[in-house]
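For the sequence shown, the working numbering begins at 264 and goes up steadily by one. Just below is one structure, and these are the notes that go with it.
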Amino acid sequence: MDPVTLACAEVPLAVVLYALRGLRHRRGRAAAERRATMLGMDPYRAAADRRWTEDDTQAAAARLLLDGLATVNDRGNLHLTPSGADPARTAGHPLPDALLTALRRRTVPATLGRIAHRDTVFGAAREDFHTAWRADLPRSGPDSGCLTAAWVLLLVGETAFSVAALLDAAPRGPLQWAAAIASGLALLAQFIWINQFGRPDVRPAESELLAEGPARTALHPALVELASREPQSWDRLKVSRRRDRGQRRPSRRTTSAPGA
264 MDPVTLACAE VPLAVVLYAL RGLRHRRGRA AAERRATMLG MDPYRAAADR
314 RWTEDDTQAA AARLLLDGLA TVNDRGNLHL TPSGADPART AGHPLPDALL
364 TALRRRTVPA TLGRIAHRDT VFGAAREDFH TAWRADLPRS GPDSGCLTAA
414 WVLLLVGETA FSVAALLDAA PRGPLQWAAA IASGLALLAQ FIWINQFGRP
464 DVRPAESELL AEGPARTALH PALVELASRE PQSWDRLKVS RRRDRGQRRP
514 SRRTTSAPGA
């Protein structure tokens, strides 16, 4: 094949491929920014993946304490106040409301750790809350499917054919040599593009900075307020979360005296 004709096909194709790559990157970054916005709209969402002393469950308990719906003693037991026991009172958010409902179901005070790890109804309500908003998060990853795979295979076949055509005969004259070099560079660019195809449009570090950075740097407002206004309750709430974290207490068996 004439190197000039080959260059007229390969160079524009390489330009189009990298233009599409740039467009995909912009779309991926925009999706990551939308994720960050959605996380920032509800601090309970942003706190979901924090460590247990700062997560959404801890924040929900802090909200109940601040609103006077519950108290916590030095042993970490949560008690409902008269306002919290009133069925007409709500916390104004699904997570604190689920925790308040869990406390109302119990006949005796309980630690936050026991509720978080042993109350399946509360766990299901928490999971439903996070599943609902995570399903609406925009995705920044590449599209997948048979059509995309077939398109990549066609591009690989076209590149292989172009390499064979380029090596078929030695160029003649400066124009053909320049065209051959341009075609070779365009083919190299296509190989690089194919190698990068399927990778995230936004690098993991960049995506984390955009979408998860606020979640990892900003403490939930209820926890900040509780630590400032009631530091003793803040400490007791951590004790409450630490106790009964899924462990079963050994049963106390009464033994009869010998010969009884």
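Cβ atoms here follow ideal geometry from the backbone N, Cα and C, with glycine treated the same way.
- Burial of A310 is indicated by the presence of at least 16 other C-beta atoms within 10 angstroms of its C-beta.
- Cα atoms of D318 and L500: separation of roughly 12 Å, rounded to the nearest angstrom.
- In this structure, the beta-carbon distance from A373 to L341 falls below 8 Å.
- Look at the beta carbons and you see the region 281-288 not touching the region 348-358: under three pairs across the two are nearer than 8 Å.
- When secondary structure is reduced to three states using DSSP, A309 falls in the helix class.
- DSSP places A325 inside the alpha helix (DSSP H), whose first and last residues are D319 to L329.
- Straight across, the Cα-Cα distance linking V487 with D391 is about 26 Å.
- In this chain, H356 is not harboured by any alpha helix (DSSP H), its DSSP state being neither H nor E.
- If you draw a straight line from the Cα of G420 to the Cα of R381, it comes to about 57 Å.
- Taking a contact to require three or more Cβ pairs closer than 8 Å, the region 266-280 and the region 318-329 do not qualify as touching.
- When secondary structure is reduced to three states using DSSP, L341 falls in the strand class.
- Between D498 and the set P275, P437, A325 and G436, the nearest pair of CA atoms involves A325.
- The beta-bridge partner set that DSSP reports for T334 consists of H342.
- In the three-state reduction of the DSSP assignment, T268 falls in the helix class.
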